[in-house]
Amino acid sequence: MNPSIAILTGASRGLGRAMAAQLLQRGRHLLTIARHADPALDTLARERGATLTAWTLDLADAPAAAARLAGWLAAQPPADAVLVNNAALLSEPAPLRDGRDAELSAAVRVGLEAPLLLSAAFLRATDGWGTDRRVLNVSSGLGRRAMAGSASYCAVKAGMDHFSRALAMEESARSDGRRGARIVSLAPGVIDTDMQVQLRGADRTRFPDGAMFEALQTEGRLATPEEAARRVLAFLAREDFGTEPVADVRG
Ligand SMILES: NC(=O)c1ccc[n+]([C@@H]2O[C@H](COP(=O)([O-])OP(=O)(O)OC[C@H]3O[C@@H](n4cnc5c(N)ncnc54)[C@H](OP(=O)(O)O)[C@@H]3O)[C@@H](O)[C@H]2O)c1
Numbered sequence: 053m054n055p056s057i058a059i060l061t062g063a064s065r066g067l068g069r070a071m072a073a074q075l076l077q078r079g080r081h082l083l084t085i086a087r088h089a090d091p092a093l094d095t096l097a098r099e100r101g102a103t104l105t106a107w108t109l110d111l112a113d114a115p116a117a118a119a120r121l122a123g124w125l126a127a128q129p130p131a132d133a134v135l136v137n138n139a140a141l142l143s144e145p146a147p148l149r150d151g152r153d154a155e156l157s158a159a160v161r162v163g164l165e166a167p168l169l170l171s172a173a174f175l176r177a178t179d180g181w182g183t184d185r186r187v188l189n190v191s192s193g194l195g196r197r198a199m200a201g202s203a204s205y206c207a208v209k210a211g212m213d214h215f216s217r218a219l220a221m222e223e224s225a226r227s228d229g230r231r232g233a234r235i236v237s238l239a240p241g242v243i244d245t246d247m248q249v250q251l252r253g254a255d256r257t258r259f260p261d262g263a264m265f266e267a268l269q270t271e272g273r274l275a276t277p278e279e280a281a282r283r284v285l286a287f288l289a290r291e292d293f294g295t296e297p298v299a300d301v302r303g
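In the numbering used here, the protein residues as written are 53 to 303.
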């Protein structure tokens with residue numbers, strides 16, 4: 053698949069920034085969403101003959117972001133299209149009883165509410181297009197395996213996996229004869245990004261698994277964002293994308 057419309061959240065740093073650079077290809081319109089924009093992506097878009105629309109907005113206000121996406125999609129001509137829900141916000145690693153409510157709430161809104169509402173807006177707006185439409189939710193091994201000190205993150209990613217399963221059922225069994233979208237919630241592997249810095253740097257008395265994250269780095273087991281982006285985007289392009297709604301890029 054070579055979509056001409058790609059929507060990507062969390063494109064300013066880490067895995068999302070690397071995916072944005074790789075998604076900027078001739079003839080494609082990339083819409084990015086994050087709180088910050090990277091002007092270097094504008095230059096890259098011009099060099100590559102791609103179109104870039106960069107929105108700086110806070111996905112903690114998910115209904116506003118979804119409404120804006122719906123309006124934007126309504127103005128686009130039908131095309132093969134992908135939505136990549138990549139943005140996530142880690143609350144400070146610590147037992148839930150020590151967490152700050154505002155931080156926990158933002159983590160769940162950005163990581164779970166926003167992907168759910170953006171997926172709804174995307175599926176609704178493109179439903180009659182008759183094109184190849186895909187939703188890739190960037191999940192984590194921690195959606196499938198619990199870890200103390202990261203309850204909000206585990207909840208976000210487990211929720212993402214499970215709503216992807218339900219969505220895949222809805223889209224694959226269309227009784228109205230329409231072409232359904234394909235959905236995958238994909239664990240991307242461990243990647244050398246700010247999120248890993250936050251996990252390694254966490255207070256060990258409140259997050260003992262911080263030592264494991266430090267070992268991942270010292271043992272050279274973290275992928276670069278560019279390597280991880282290549283793997284994730286190769287998965288997104290697969291012919292059999294969506295056959296298994298919950299997957300891991302490591303196979
Ligand atoms: N790194 C890993 O080892 C690893 C492992 C498994 C899964 N993942 C998943 O991979 C994805 C990318 O992670 P990463 O490591 O690249 O994270 P990261 O370096 O922390 O980057 C997170 C991205 O999300 C955006 N974001 C955060 N809060 C936002 C908000 N309120 N509104 C809009 N955008 C927001 C950030 O942009 P702004 O700050 O500009 O808003 C940034 O672009 C996440 O879903 C993560 O859970 C990562």
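C-beta: ideal position from N, C-alpha, C; glycine also. As the structure is a prediction and not an experimental result, all values here were calculated from the model.
*Near R185, which residues of its chain fall below 6 Å by C-beta distance, leaving aside the five closest residues on each side in sequence?*
Scanning its chain for C-beta atoms nearer than 6 Å, with the 5 sequence neighbours on each side dropped, one finds around R185 the residues A133, T178 and A233, in chain order.
*Got a sec, what are the start and stop residues for the beta strand (DSSP E) H81 sits in?*
Its beta strand (DSSP E) spans residues H81 to A86.
*Does DSSP put R176 in a helix, a strand or coil?*
It is helical.
*Mind listing, in chain order, the continuous alpha helix (DSSP H) runs of no fewer than 4 residues lying wholly within the region 94 to 164?*
Complete alpha helix (DSSP H) runs here, min 4: 114 to 126 and 153 to 160.
*Look at the alpha carbon of A371 and the alpha carbon of G101, and state the distance between them as a whole number of angstroms.*
Only positions 53 to 303 of the chain appear in this structure, which leaves residue 371 out of reach.
*DSSP three-state call for A58: helix, strand or coil?*
Three-state result, A58: strand.
*Given that a residue counts as buried once 16 or more other Cβ atoms are within 10 Å of its Cβ, and exposed if not, what is D244?*
Under this definition D244 is a buried residue.
_Where D228 falls: helix, strand or coil (DSSP)_ = Correct three-state label for D228: coil.
_Integer-rounded CB distance, given that A92 should sit under 8 Å from L82_ = Actually they do not touch by this definition, with Cβ atoms about 14 Å apart.
*Return the Cβ separation of P240 and T183 in integer angstroms, given the expectation that the two are a contact with Cβ distance under 8 Å.*
Contact flag wrong, Cβ pair sits at about 25 Å.
*My understanding is that A159 touches L141, with C-beta atoms under 8 Å, so please give their C-beta distance in whole angstroms.*
Their Cβ separation, rounded to whole angstroms, is 5 Å, which keeps A159 and L141 in contact under 8 Å.
*From the DSSP output, read off the bridge partner residues of R186.*
V134 and R234, per the DSSP bridge assignment.
_heavy atom of ligand 1 below 7 Å from L288 C-beta_ = Checking the Cβ of L288 against ligand 1 gives no.
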